[in-house]
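In this note's numbering, the protein residues as written are 285 to 504.
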Amino acid sequence: FVFGMLLVYFVNYFIAKHGDQAWNTETGWRWMFGSESLPAMLLLFLMLLVPESPRWLTKKARKDEALAILARVDGTEYAREEMVSIEETISHESGSISQLFHPGMKIVLVIGVTLAVLQQVTGINVFLYFGSDIFGKLGDETIDAALLQQVVVGATNLVFTIIAIWAVDKLGRKPLMIIGSAGMGISLFAMGIAGLYQAKGLWLLFFVLGYIACFALSVG
Numbered sequence: 285f286v287f288g289m290l291l292v293y294f295v296n297y298f299i300a301k302h303g304d305q306a307w308n309t310e311t312g313w314r315w316m317f318g319s320e321s322l323p324a325m326l327l328l329f330l331m332l333l334v335p336e337s338p339r340w341l342t343k344k345a346r347k348d349e350a351l352a353i354l355a356r357v358d359g360t361e362y363a364r365e366e367m368v369s370i371e372e373t374i375s376h377e378s379g380s381i382s383q384l385f386h387p388g389m390k391i392v393l394v395i396g397v398t399l400a401v402l403q404q405v406t407g408i409n410v411f412l413y414f415g416s417d418i419f420g421k422l423g424d425e426t427i428d429a430a431l432l433q434q435v436v437v438g439a440t441n442l443v444f445t446i447i448a449i450w451a452v453d454k455l456g457r458k459p460l461m462i463i464g465s466a467g468m469g470i471s472l473f474a475m476g477i478a479g480l481y482q483a484k485g486l487w488l489l490f491f492v493l494g495y496i497a498c499f500a501l502s503v504g
């Protein structure tokens, strides 16, 4: 997902470089949207080749099909062992919605939902989807220059997502959440101050990158 967004930022930037402001306003954005149909069509074609989940097939009493798919992964012996594990797991599955509201589960549910909501409330989608507009309007940038800064945002998101994958096993999720949340707060506050004093250009990009990096390290 993160790599795909970076790729789209690159494509949009190179399309924008082919024309001036007027061309991008009238025609460029059409090419940007149209270019995304190519990977969408490729995904549609490849999805036709993806086999069903062995677990789903087992639950639907289609064990032979599940075994055949598992055997393609690592042979017949592996398929049989994995099938035993799948059947055992399915046999122990039970529960109802009411279990979510038991005292032991209620706090976990509240924390999980709250984190999911706060992840979006931080405003990450504003920068990922409308970053080029922000850079263009607050930094007085041309369309291609604003899109280039958005490429830098996407690259930062990718790099720090990879770092987070490595760091979560070393440091744990909680320290990363605390550090990242504090960093996001500081970066957003700095952006507000920069806007108040009409600081533009690289200052704005610097604070946005700090925010993106902290988001990717924690709640991202």
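By construction, the Cβ of each residue, glycine as well, lies at the ideal position given by its N, Cα and C atoms.
Please read these numbers as outputs of a predicted model, since none were measured by experiment.
Handout entry: G504: first and last residue of the uninterrupted alpha helix (DSSP H) it sits in
Key = For G504, there is no enclosing alpha helix (DSSP H), since its DSSP letter is neither H nor E.
Problem - Cα-Cα separation between Q403 and V443, rounded to whole angstroms - result: Q403 and V443 have their C-alpha atoms some 19 Å from each other.
Handout entry: Beta-carbon proximity check, A306 vs L431, cutoff 8 Å
Key = No; because the gap between Cβ atoms is not below 8 Å, this pair is not in contact.
Handout entry: Contact belief for N409 with A500 at Cβ below 8 Å, rounded distance in angstroms
Key = Going by Cβ atoms, the distance from N409 to A500 rounds to 14 Å, so no, they are not a contact pair.
Exercise for the section: If I'm right that T398 touches I370 with Cβ under 8 Å, what's the distance once you round it to whole angstroms? Expected result: Rounded, the Cβ-Cβ distance is 33 Å, inconsistent with contact.
Exercise for the section: Return yes when at least one heavy atom of the ligand GTP lies under 7 Å from the C-beta of E365, else no. Expected result: As for the ligand GTP, it is missing from this structure, which has no ligand bound.
Handout entry: 8 Å Cβ cutoff met for P489 and Q433
Key = First, the residue type needs correcting, since residue 489 is Leu and not Pro in the sequence shown. Their beta carbons are under 8 Å apart, which means L489 touches Q433 by this criterion.
Problem - Sequence-distant residues of its chain with Cβ nearer than 6 Å to W315 (five each side left out) - result: Correct list, in chain order: I299.
Problem - Cβ shell of R339 (< 6 Å), same chain only, five flanking positions each side left out - result: Same-chain partners within the cutoff: I370.
Handout entry: Beta-carbon proximity of A478 to W487, cut-off 8 Å
Key = A contact, by the Cβ cut-off of 8 Å.
Practice task
Give the secondary structure of R346 by DSSP, where H, G and I count as helix, E and B as strand, and everything else as coil.
Solution key: Three-state result, R346: coil.
Exercise for the section: Indicate the three-state DSSP secondary structure (helix, strand or coil) for V405 in the structure shown. Expected result: Judged by DSSP in its simplified three-state form, V405 adopts helix.
Practice task
Can you say whether A466 is buried or exposed, counting buried as having 16 or more other CB atoms within 10 angstroms of its CB?
Solution key: Its Cβ having fewer than 16 others within 10 Å, A466 is exposed.
Exercise for the section: Taking the CB atoms as reference points, tell me whether L384 and E366 lie closer together than 8 Å. Expected result: Going by C-beta atoms, L384 is not nearer than 8 Å to E366.
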